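There are 2 protein chains.
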Amino acid sequence: MSRTVADRAAAIAAVAEVFREHGFEGASLSAITARTGLGKGSLYYFFPGGKEEMAEAVLAEIDGWFTRAIFSPLRDDADPEAAIRRMLRETDSYFRSGRRVCLIGAFALGDTRDRFAARIAAYFAAWRAALAEALMRANRPEASERAEHAVLAIQGALVLARALGDQAVFVRALERLERELLAE
Amino acid sequence: MSRTVADRAAAIAAVAEVFREHGFEGASLSAITARTGLGKGSLYYFFPGGKEEMAEAVLAEIDGWFTRAIFSPLRDDADPEAAIRRMLRETDSYFRSGRRVCLIGAFALGDTRDRFAARIAAYFAAWRAALAEALMRANRPEASERAEHAVLAIQGALVLARALGDQAVFVRALERLERELLAE
DNA sequence: TGATCTCTGTACCGATCGGTACAGAGTCGG
DNA sequence: CCGACTCTGTACCGATCGGTACAGAGATCA
Numbered sequence: 001m002s003r004t005v006a007d008r009a010a011a012i013a014a015v016a017e018v019f020r021e022h023g024f025e026g027a028s029l030s031a032i033t034a035r036t037g038l039g040k041g042s043l044y045y046f047f048p049g050g051k052e053e054m055a056e057a058v059l060a061e062i063d064g065w066f067t068r069a070i071f072s073p074l075r076d077d078a079d080p081e082a083a084i085r086r087m088l089r090e091t092d093s094y095f096r097s098g099r100r101v102c103l104i105g106a107f108a109l110g111d112t113r114d115r116f117a118a119r120i121a122a123y124f125a126a127w128r129a130a131l132a133e134a135l136m137r138a139n140r141p142e143a144s145e146r147a148e149h150a151v152l153a154i155q156g157a158l159v160l161a162r163a164l165g166d167q168a169v170f171v172r173a174l175e176r177l178e179r180e181l182l183a184e
Numbered sequence: 001m002s003r004t005v006a007d008r009a010a011a012i013a014a015v016a017e018v019f020r021e022h023g024f025e026g027a028s029l030s031a032i033t034a035r036t037g038l039g040k041g042s043l044y045y046f047f048p049g050g051k052e053e054m055a056e057a058v059l060a061e062i063d064g065w066f067t068r069a070i071f072s073p074l075r076d077d078a079d080p081e082a083a084i085r086r087m088l089r090e091t092d093s094y095f096r097s098g099r100r101v102c103l104i105g106a107f108a109l110g111d112t113r114d115r116f117a118a119r120i121a122a123y124f125a126a127w128r129a130a131l132a133e134a135l136m137r138a139n140r141p142e143a144s145e146r147a148e149h150a151v152l153a154i155q156g157a158l159v160l161a162r163a164l165g166d167q168a169v170f171v172r173a174l175e176r177l178e179r180e181l182l183a184e
């Protein structure tokens, strides 16, 4: 891995946190330079398209991570129930038990949605479809309905946990999901 | 009702829509003047505290509406099951079947949360508590758990419906909630 | 009519916004 | 040692940000 790629990857991770905290509009270049440790010169060297390109890179990175860690196992793992449990475990860990916000969910609520509508929709549609596939393979009835409800409950749990400042809300929601998803 | 109050009330409603679409940081004074039809002079006459005071007024207005239309009936209506059905009906109507976003939920996700943390937490806590109260009065088991899950599912449904650009997701979620909440 | 109060438009403030231009530091193969 | 290429800091751009100051329009009442 060249030094360039490593730096760019590190920058993407840092930029993601800034977007997560401030949203797309609210993520000022000065906040991004502070967090990444990169000056404007470097930033526009890595992302000539400016904030828009940074956001694209961040969304692609997140999408890639979820595909690798969660969606693919749900679709392909020989043991679909294990894949579902893994999804819940990885989700808890990724969102830091509710302390971390879903960037894509946050983007979906604001007017940022229009700009990245395709990517945002694709992310949630992929999650819903992969989970439905796993439920089908596990012979659970109403797979589509359960899958949609689970994806939606995770997003809602993130909102509510953050609103109440109580991560236990998120943990409880995931426990409930495990029961509901795997019930016959 | 004096003209002043009417104008201020109308302004609050218009400002609420701007916050809803752009978030707190993203709601520029120029967007607010455009939407309200009021110049800066009038705006700062009605809200001397600027954007912060506008947001406070908007949050108070929303909280008042929900208390009147939903929370109070859940707590006090002689028929708690009817109050729950009313909650679902009013929720569907308020959020335009998923086309409209929850301003308070959106605020909760961004860094705006810290500024209005108390109000945001109070709103969701009141909803959860009022619904739990109604479920208790209706002799449903696990009232607290069901209530928390319902509040969370509504927020999640708003996120997912908007992310996918498909309001049917929201409608389905409400139908599911009616079944779950009123089940023995 | 004249005094008063409510409301509004406009000019203006310093700060910050996202973005550009560009010189040059640092590193590398030849 | 010499270009060539990668990366970075800085100066600068016009636009817009939230907020202030204030004169005065318009209605109201004595």
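These protein sequence lines map, in sequence, to chains A and B. The opening residue of the first sequence carries number 1 in the UniProt record's numbering; numbering runs sequentially from there. The opening residue of the second sequence carries number 1 in the UniProt record's numbering; numbering runs sequentially from there. Even for Gly, the Cβ is constructed at its ideal location relative to N, Cα and C. Source: prediction; values computed, not measured.
Local conformation of MET1 of chain A per DSSP, three classes: Residue numbering aside, residue 1 of chain A sits at position 1 when the first sequence is read from its first letter. Because MET1 of chain A carries a pLDDT of 39, less than 50, the predicted location of this residue cannot be relied on, and no value is offered for it.
Any chance you could list the alpha helix (DSSP H) runs of at least 4 consecutive residues sitting entirely within the stretch 17-72 of chain A, in chain order? List check, alpha helix (DSSP H) in window: 29-36, 40-46 and 51-66.
Distance between PRO48 of chain B and MET1 of chain A (C-alpha atoms, nearest Å): Looking up residue 1 of chain A in the first sequence gives position 1. Looking up residue 48 of chain B in the second sequence gives position 48. Note that MET1 of chain A scores a pLDDT of 39, beneath 50, so its modelled location is shaky and nothing firm can be said.
Shorter than 8 Å from the beta carbon of LEU181 of chain B to some beta carbon of chain A? Locating residue 181 of chain B in the second sequence gives position 181, where the first residue counts as 1. Chain A, which has no Cβ nearer than 8 Å to the Cβ of LEU181 of chain B, makes this no.
Starting from LEU164 of chain A, find everything on chain B with Cβ-Cβ shorter than 9 Å and list it in chain order. Along the first sequence, one-based indexing puts residue 164 of chain A at 164. Close partners of LEU164 of chain A in chain B (Cβ separation under 9 Å): ALA108, ILE120, ALA121, PHE124, ALA125 and ARG128.
Let me know if ALA11 of chain B comes out buried or exposed under the rule of 16 or more other beta-carbons within 10 Å of its beta-carbon. The residue given as residue 11 of chain B occupies position 11 in the second sequence. Buried.
If you measure from the CB of ILE84 of chain A, is any heavy atom of the ligand PLP nearer than 7 Å? Of the ligands one can find in the structure shown there are none, so the ligand PLP has no counterpart to examine.
Please report the Cβ distance between residue 225 of chain B and ALA173 of chain B, rounded to the nearest whole angstrom; I am assuming they are in contact, meaning their Cβ atoms lie under 8 Å. Given that chain B is displayed from residue 1 to residue 184, the structure contains no residue 225 of chain B and the question cannot be resolved.
Suppose you measure from the CA of PHE95 of chain B to the CA of VAL159 of chain A; what does that come to, to the nearest Å? The sequence position of residue 95 of chain B within the second sequence is 95, counting from 1. The sequence position of residue 159 of chain A within the first sequence is 159, counting from 1. Roughly 16 Å between the two C-alpha positions.
Local Cβ density within 10 Å of PRO141 of chain A, reported as buried at 16 or more and exposed below that: Within the first sequence, residue 141 of chain A is the residue found at index 141, counting from 1. By the 10 Å Cβ count, PRO141 of chain A comes out exposed.
With a Cβ-Cβ cutoff of 8 Å, do THR33 of chain B and VAL15 of chain B count as a contact? Here residue 33 of chain B corresponds to residue number 33 of the second sequence, with the count starting at 1. Here residue 15 of chain B corresponds to residue number 15 of the second sequence, with the count starting at 1. No. Outside cutoff.
Ordered along the chain, which non-local residues of its own chain (more than five positions away) have a Cβ less than 7 Å from that of ARG113 of chain B? Residue numbering aside, residue 113 of chain B sits at position 113 when the second sequence is read from its first letter. If you ignore the 5 residues before and after ARG113 of chain B, its C-beta comes within less than 7 Å of the C-beta of PHE107 and ILE120, all in its own chain and listed in chain order.
With distances taken Cα to Cα, identify the nearest neighbour of LYS51 of chain A among A:ALA138, A:PHE19 and A:ILE62. Translated into positions along the first sequence, residue 51 of chain A becomes position 51. Its Cα nearest to that of LYS51 of chain A, the residue A:PHE19 stands out among A:ALA138, A:PHE19 and A:ILE62.
The alpha helix (DSSP H) spanning VAL171 of chain B covers which residue range? As a working note, residue 171 of chain B is residue 171 in the second sequence. The continuous alpha helix (DSSP H) containing VAL171 of chain B extends over residues 168-182.
Short of 7 Å in beta carbon distance, which residues of its chain neighbour SER144 of chain B, apart from the five on each side in sequence? Order them along the chain. Walking along the second sequence from the start, residue 144 of chain B turns up at place 144. Contacts found: ALA132.
Okay, do the stretch 84-95 of chain B and the stretch 76-96 of chain A touch, 3+ Cβ pairs below 8 Å being the bar? Between the stretch 84-95 of chain B and the stretch 76-96 of chain A there are fewer than three C-beta pairs closer than 8 Å, too few to call the two in contact.
Listed by chain order, chain A residues near ASP79 of chain B by CB distance under 7 Å: Residue mapping note: residue 79 of chain B aligns to position 79 of the second sequence, counting from 1. Per Cβ cutoff of 7 Å: no residues; ASP79 of chain B is ~27 Å from chain A at best.
Apart from the five residues just before and just after ARG8 of chain A, which ones in its own chain have a Cβ nearer than 6 Å to its Cβ? Translated into the one-based positions of the first sequence, residue 8 of chain A becomes position 8. Only PHE46 meet the Cβ criterion.
Does the Cβ-Cβ distance between LEU182 of chain A and GLU81 of chain A come in under 8 Å? Position 182 of the first sequence, counted from the start, is the residue given in the question as residue 182 of chain A. Position 81 of the first sequence, counted from the start, is the residue given in the question as residue 81 of chain A. Against a cut-off of 8 Å, the Cβ pair of GLU81 of chain A and LEU182 of chain A comes out as a contact.
Residue burial classification, GLY26 of chain B (beta-carbon count within 10 angstroms, cutoff 16): The count along the second sequence starts at 1 and reaches residue 26 of chain B at position 26. Buried, since its Cβ has 16 or more Cβ neighbours within 10 Å.
When you check each C-beta in the stretch 146-178 of chain A against every C-beta of chain B, which residues fall closer than 8 Å? The residues in question are GLU148, HIS149, VAL151, LEU152, ALA153, ILE154, GLN155, GLY156, ALA157, LEU158, VAL159, LEU160, ARG162, ALA163, LEU164, GLY165, VAL169, ARG172, ALA173 and ARG176.
Taking just the CA atoms, how far does GLU21 of chain B sit from ALA6 of chain B? The count along the second sequence starts at 1 and reaches residue 6 of chain B at position 6. The count along the second sequence starts at 1 and reaches residue 21 of chain B at position 21. The C-alpha of GLU21 of chain B is placed about 23 Å away from the C-alpha of ALA6 of chain B.
Host alpha helix (DSSP H) of GLU81 of chain B (start-end): To locate residue 81 of chain B, count along the second sequence from 1; it is residue 81. Run containing GLU81 of chain B: 80-94, per the alpha helix (DSSP H) assignment.
For a cutoff of 8 Å on Cβ pairs, would you count ASP92 of chain A as touching chain B? By 1-based counting over the first sequence, the position of residue 92 of chain A is 92. No, because no Cβ of chain B sits closer than 8 Å to the Cβ of ASP92 of chain A.
Would a check of beta-carbon distances place VAL101 of chain A closer than 8 Å to chain B? Here residue 101 of chain A refers to the residue found at position 101 when the first sequence is read from its first residue. Yes, VAL101 of chain A lies at the interface with chain B (some Cβ there is under 8 Å from its Cβ).
What did DSSP end up calling ALA9 of chain A once you bin it into helix, strand or coil? Translated into the one-based positions of the first sequence, residue 9 of chain A becomes position 9. In the structure shown, ALA9 of chain A sits in a helix (DSSP, three-state: H, G or I).
Closest Cβ-Cβ distance between ALA117 of chain B and chain A: below 8 Å? Within the second sequence, residue 117 of chain B is the residue found at index 117, counting from 1. Chain A contact via Cβ: present.
How many Å lie between GLY165 of chain B and PHE124 of chain A at the Cα? Taking the second sequence and counting its residues from 1, one reaches residue 165 of chain B at position 165. Taking the first sequence and counting its residues from 1, one reaches residue 124 of chain A at position 124. Between the C-alpha atoms of GLY165 of chain B and PHE124 of chain A there is a straight-line separation of about 11 Å.
How far does the alpha helix (DSSP H) with GLU145 of chain B in it extend, from its first residue to its last? Translated into positions along the second sequence, residue 145 of chain B becomes position 145. It spans 143-164 - the alpha helix (DSSP H) in which GLU145 of chain B sits, taken as one unbroken run.
Residues of chain B with CB under 9 Å from GLU21 of chain A, in chain order? Stepping through the first sequence from its first residue, residue 21 of chain A is reached at position 21. Scanning chain B for C-beta atoms nearer than 9 Å to the C-beta of GLU21 of chain A yields GLY110 and ASP111, reported in chain order.
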